[in-house]
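Novice: Residue numbers (full-length UniProt numbering): 1 to 478.
Would you mind keeping the following structure in view while I ask a few things?
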Ligand code: NAD
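Take a look at the structure:
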């Protein structure tokens, strides 16, 4: 069994209160690692280390130095991708193909921001009084607390850590208690890359640790990925010290298929949109809006294909869908499926699994619900599991109305061969991302984030650097 340690001020340490949490492999329900449950003192030590390092070292570092270290980290991540992917698949049950891809995507993120580290220019501003020289500087904010969810630990962290470090901030990372091991292993690469002591610190444990960190008045920035309820608690803490937040929260994303769509692309696109990672992605296209004239045809095609999805060991490269991540998820998702029929929806295919070969893990088969109305709970609340709600609509107007009738606004998809319609609808959708004739495609350069209860602030792209820098104005009387 792996016994993990935390990384504070350049040292690998145990928790001050000697408490540990178990990491359970959702494939076989075995405890395979333990991680420390940090104490309040550990959290404070990590913040202090980050502050010290920021003031004495990192904020004075050259962009070139930060870029060099980030490029080195990206290389190390690529070299260790397989090892880290295996750990992550064990920790959260995601299939190895996906976790491996995510490691390389994360490496791309570090490279992308490495390229920006020495290009964070200010501006020179011409004023009415020409005897005045006015210019701006873009400065790091200070100590950033980065809190992540369990579904894609290394990739979610890269969205935050890469721009934070490139801009010259020091950080304290708090991964999810459900899947911390890959982040702790990744921290070894940070050490190996040669980042100075205290620039990156990591403390582990449950929500209490996140609470200690976000209550601190010594923190200058909080970036959080997780659920809406937790975001509210963090928002309350942060408001006391006016700490700026980036919030990447949940979704109930509409994926809309119009009657003129190419179904050879739309059907697999809709399925990948929901069933990848066993539906446990914030951007899951969980509401499939289908024009009524093709609704039955699409439902039949999806039902047929769903039955060919290969469930199995996440570490087997041939597996197409793994278990859900933990026992809590498993029971919650099954309960949701059980009660949909009482609301008037119908389970077309899916639900609980009775295959004895999969009985050791938290498996739920890909589930398709038809006759779903957008008013039903299953269409309004995030299920965070492999459950697709198929909702019919008549025309463009109704598709927009249903799509936007949600508390969330993270992502959305449009499937059509009509170019004007694609742009018309993209303009109307209340979502941070609109995909046209694709879904779940991501790029380091493209900004990502939500509206409404999906959060605010942007990750990736140049936009993320604005979350980790602030502007100082300097005015000189010549
Ligand atoms: P969660 O909110 O339960 O936990 C997220 C993190 O917050 C964990 O590290 C947890 O320990 C910490 N936390 C818990 N209580 C806290 C508190 N009081 N103060 C500070 N931190 C606290 O979410 P989860 O179950 O880990 O993740 C699932 C959610 O994350 C879903 O809603 C999903 O949509 C969302 N998510 C969003 C994105 C995105 O980019 N928008 C990506 C992945 C997941």
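A virtual CB, placed ideally from N, CA and C, is assigned to each residue, including glycine.
Going by CA-CA distance only, name the one from 304, 235, 195 that's closest to residue 65.
Specialist: Nearest option by C-alpha distance: 195.
Novice: CB of residue 177 to nearest heavy atom of ligand 1: below 8 Å?
Specialist: The answer is yes for residue 177.
Novice: Pick helix, strand or coil for residue 136, following the three-state DSSP scheme.
Specialist: Correct three-state label for residue 136: strand.
Novice: Under 8 Å from any heavy atom of ligand 1, does the C-beta of residue 105 make it?
Specialist: Result no, Cβ not under 8 Å from ligand 1.
Novice: What first and last residue would you give for the beta strand (DSSP E) that runs through residue 247?
Specialist: That run of the beta strand (DSSP E) goes 245 to 248.
Novice: What's the C-alpha gap between residue 348 and residue 162?
Specialist: Straight-line Cα distance between these residues: approximately 43 Å.
Novice: For residue 341 and residue 69, I'd like the C-alpha separation in whole angstroms.
Specialist: Rounded to the nearest angstrom, the two C-alpha atoms are 54 Å apart.
Novice: Just to confirm before moving on: does the CB-CB distance between residue 138 and residue 121 stay below 9 Å?
Specialist: For residue 138 and residue 121, yes; Cβs fall inside 9 Å.
Novice: Which of the three DSSP states, helix, strand or coil, is assigned to residue 103?
Specialist: The answer is helix: DSSP assigns residue 103 an H, G or I state.
Novice: Taking 8 Å as the cut-off, is the beta-carbon of residue 283 closer than that to any non-hydrogen atom of ligand 1?
Specialist: Indeed, a heavy atom of ligand 1 lies less than 8 Å from the Cβ.
Novice: Please determine if the region 434 to 447 and the region 219 to 233 are in contact, where contact requires at least 3 C-beta pairs separated by less than 8 Å.
Specialist: No contact exists between the region 434 to 447 and the region 219 to 233.
Novice: According to DSSP, is residue 33 part of a helix, a strand, or is it coil?
Specialist: Strand, per DSSP.
Novice: If contacts are defined as beta-carbon pairs under 8 Å, then residue 201 and residue 181 qualify, I think. What distance do you get, rounded to the angstrom?
Specialist: Contact flag wrong, Cβ pair sits at about 17 Å.
Novice: Can you find a heavy atom of ligand 1 that lies under 8 Å from the Cβ of residue 228?
Specialist: Checking every heavy atom of ligand 1 against the Cβ of residue 228, one is found closer than 8 Å.
Novice: Just the Cα atoms here: how many angstroms apart are residue 506 and residue 19?
Specialist: The chain is shown from 1 up to 478; residue 506 falls before or after that span and cannot be answered.
Novice: Could you give the residue range of the alpha helix (DSSP H) that holds residue 44?
Specialist: Start and end: 40 to 56.
Novice: Compute the minimum distance between the beta carbon of residue 231 and the heavy atoms of ligand 1, and state whether it is under 8 Å.
Specialist: Result yes, Cβ under 8 Å from ligand 1.
Novice: From residue 269 to residue 439, what does the alpha carbon distance come to, in whole angstroms?
Specialist: Residue 269 and residue 439: Cα-Cα distance of roughly 6 Å.
Novice: Which parts of the region 357 to 398 are runs of the alpha helix (DSSP H), unbroken and 4 residues or longer, counting only runs that do not cross its ends?
Specialist: Runs of the alpha helix (DSSP H) inside the region 357 to 398: 377 to 380.
Novice: With DSSP collapsed to three states, give me the class of residue 143.
Specialist: Strand.
Novice: How many Å lie between residue 338 and residue 362 at the Cα?
Specialist: Computed Cα separation, rounded: 16 Å.
Novice: Can you tell me whether DSSP reads residue 221 as helix, strand or coil?
Specialist: Residue 221: strand per DSSP, three-state reduction.
Novice: Would you grab the beta carbon distance between residue 468 and residue 164 for me? Rounded to a whole angstrom, and I think it's under 8 Å.
Specialist: Yes, residue 468 and residue 164 are in contact; Cβ-Cβ is about 5 Å, under 8 Å.
Novice: In whole angstroms, what separates the C-alpha of residue 412 from that of residue 206?
Specialist: Distance between the alpha carbons of residue 412 and residue 206 is about 31 Å.
Novice: Check whether the region 311 to 324 touches the region 95 to 109, counting contact only when three or more Cβ pairs, one atom from each stretch, lie closer than 8 Å.
Specialist: With the cut-off at 8 Å, the region 311 to 324 and the region 95 to 109 touch.
Novice: According to DSSP, what are the bridge partners of residue 11?
Specialist: Bridge partners of residue 11: 8.
Novice: Taking the C-alpha atoms as reference points, what is the distance between residue 322 and residue 21?
Specialist: Roughly 23 Å separates the two Cα atoms.
Novice: In terms of alpha-carbon separation, which member of 356, 273, 428, 449 lies closest to residue 388?
Specialist: Comparing Cα-Cα distances from residue 388 to each of 356, 273, 428, 449, the minimum goes to 273.
Novice: Tell me whether residue 224 counts as near ligand 1, meaning its Cβ is closer than 8 Å to at least one heavy atom of that ligand.
Specialist: Correct: residue 224 has its Cβ closer than 8 Å to ligand 1.
Novice: For residue 248, I'd like the list of residues in its chain whose CB is within less than 6 Å of its CB, leaving aside the five on either flank, ordered along the chain.
Specialist: Counting only Cβ-Cβ distances below 6 Å, and skipping sequence neighbours, we find 225, 455.
Novice: Measuring alpha carbon to alpha carbon, tell me which residue in 395, 27, 461 is nearest residue 357.
Specialist: Nearest option by C-alpha distance: 27.
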